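Under this note's numbering, the sequence shown has 307 at position 298, and the numbering climbs by one with no breaks. I have placed the structure first, in the form of structure tokens, so that the comments after it can refer back to it.
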Amino acid sequence: MTVIPILFETLPNELLMNIFQYFDARDLFRAFHNLNCRFNRLLRSLRYVCFTLIKFDSNESNDYHIFAPYIYNLVIDHAVNIDLSRFANLHRLTLLSPTSNQLKQVVSNSLDYLEYLSIGYEHFLFSYYIPDLCEKIFSNGFPRLTSCCLFEPRILEIIPKFTQATQLCILKMDNVDLLAYKYILSLCPNLNLFEFTMLNQQDDLINIEPHRNLKKMSIKFPSLMKSFSDCAMNCYLSCVPNLEQLNVCEINFDVTIMVYLNSNWFASLIKKHLPSLRRYKYYIHACGVKQNDENTLNSIKTNFKQIHNQRYQSVLVIKLSHSSLSTD
10 MTVIPILFET LPNELLMNIF QYFDARDLFR AFHNLNCRFN RLLRSLRYVC
60 FTLIKFDSNE SNDYHIFAPY IYNLVIDHAV NIDLSRFANL HRLTLLSPTS
110 NQLKQVVSNS LDYLEYLSIG YEHFLFSYYI PDLCEKIFSN GFPRLTSCCL
160 FEPRILEIIP KFTQATQLCI LKMDNVDLLA YKYILSLCPN LNLFEFTMLN
210 QQDDLINIEP HRNLKKMSIK FPSLMKSFSD CAMNCYLSCV PNLEQLNVCE
260 INFDVTIMVY LNSNWFASLI KKHLPSLRRY KYYIHACGVK QNDENTLNSI
310 KTNFKQIHNQ RYQSVLVIKL SHSSLSTD
């Protein structure tokens, strides 16, 4: 029986496209670009090409322009100096630890197709471009931007200066107090998902206009804030009457696990403010717990189920420093 060898270039286009998905953008174009007209057409037809630059290599600085127009998703670390104007098809951009020059480019380039933007903590202590970047994000400077992750802490100070509504549907931030929360809801009338860390509220609690499009919200707070969290949570929940999914994550550094035996888990506030809630998930990250009392954990579990499970789907997740317990 004669075995006929199969050449790579004889494979059907569908199979080649599946194979291409496993290549890094640089390796993909180095291997197949200008091989022949057929492969060039296939490369140009790729829709979701990803490129990650974690460490800049000067020897590779001259070749990314070949595939830059085809990049859909770009991830950049702080050590990389790159020209964003070459990425004409960019839909998703992640700056892990942005430099001032990277922020300048995000501000100065139109990025007309950008749908997702993630800004990590700034690599330098100060940049003149943070206010301009915030203005562009919250004033529809990116015409297609619908999802944004902002972890630069000074953004919180700049948001109250804007008044124009944005088309953002998904927003994730690190630290948000009630005043910033109020401004964000007013700036983002189409917001569907909002994730943030609750800041210690020092000022008087404020009234916030209802936001009727928000369906999913995740709130993180440290257990040291427990003394005021009920009052603050009342304000956060009172203005989102159509919320369907709520995640609460409590970071427990210093409070004994026994305090949760009598916890209400914000049940009264949910009953009062969230008539449309379908799913509630409560995380407890307990660090440095010295004892793991299974009876106590089971009692906490039972208490949680009795309070919530008859009203909506609820999940309690307890993660201890030396073990993990999840309840459905």
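Glycine included, every Cβ here is placed at the ideal spot set by N, Cα and C. Model, not experiment: these values are computed from the prediction.
Take the Cβ of residue i as the centre, count every other Cβ of all protein chains shown within 10 Å, and call the residue buried at 16 or more, exposed below.
i	result
N27	exposed
E303	exposed
T265	exposed
T19	exposed
L270	exposed
S136	buried
N222	exposed
F262	exposed
Q322	exposed
D7	Here the chain covers residues 10 to 337 and nothing more, so residue 7 does not appear.
A40	exposed
K191	buried
C197	buried
Y138	buried
L44	exposed
F38	buried
F203	buried
Y31	exposed
M207	buried
Y57	exposed
L52	buried
M7	Any property of residue 7 remains undetermined from this structure, which presents the chain solely from 10 to 337.
Q114	buried
Return the bridge partner residues of residue i from the DSSP annotation.
i	result
K229	T206 and C258
H294	I260 and K328
Y289	L255 and S323
T172	T172 pairs with nothing; no bridge assigned.
Y130	Beta-bridge pairing links Y130 to no other residue.
T342	In the structure as shown, the chain starts at 10 and stops at 337, and residue 342 therefore has no counterpart that could be examined.
Y125	R101 and S156
What are the boundary residues of the beta strand (DSSP E) that residue i is part of?
i	result
C149	Note that residue 149 is Asn in the sequence shown, not Cys. Segment: none, N149 is in no beta strand (DSSP E) and carries neither H nor E.
I279	I279 -> not in any beta strand (DSSP E); alpha helix (DSSP H) instead, spanning A276 to H282.
N184	I179 to V185
Of the residues the options, which one's Cα is nearest the Cα of residue i?
i	options	result
P107	I128, R101 and I91	I128
N256	I63, V324 and P78	V324
Q315	V89, I217 and W274	W274
F205	K225, N199 and E218	K225
E23	L55, N304 and N222	L55
E131	L142, A97, I217 and Y125	L142
C178	L194, E144 and L200	L200
Y245	R53, N261 and H220	H220
D36	A77, A174 and F313	A77
S94	L306, L112, I146 and T172	L112
P152	K191, K170 and L126	L126
A295	F313, L286, E259 and R287	E259
S156	K170, S117, T103 and N184	T103
H317	Y57, K290 and D92	K290
N82	T61, A88, V326 and H74	T61
N90	Y73, A97, H100 and N98	Y73
I309	D239, V326 and E124	V326
E148	C158, T175, L165 and C46	Reading off the sequence, residue 148 comes out as Ser, not Glu. Checked all of C158, T175, L165 and C46; the closest Cα to S148 is T175.
Which first and last residues belong to the alpha helix (DSSP H) in which residue i is found?
i	result
S136	Taken as a continuous stretch (DSSP letters only), S136 belongs to no alpha helix (DSSP H), as it is neither H nor E.
L159	Careful: L159 lies outside any alpha helix (DSSP H), inside the beta strand (DSSP E) at S156 to L159.
I309	E303 to H317
V115	S109 to S117
I164	I164 to I167
Should residue i be flagged as near chain D, meaning a C-beta pair shorter than 8 Å?
i	result
P152	The displayed structure is made up of one protein chain only, and chain D is not part of it.
Would you mind listing the alpha helix (DSSP H) stretches within the segment 30-101 that are 4+ residues and don't spill past its ends, in chain order?
Within the segment 30-101, the complete alpha helix (DSSP H) segments at least 4 residues long are 34-41, 46-54 and 73-76, listed from N- to C-terminus.
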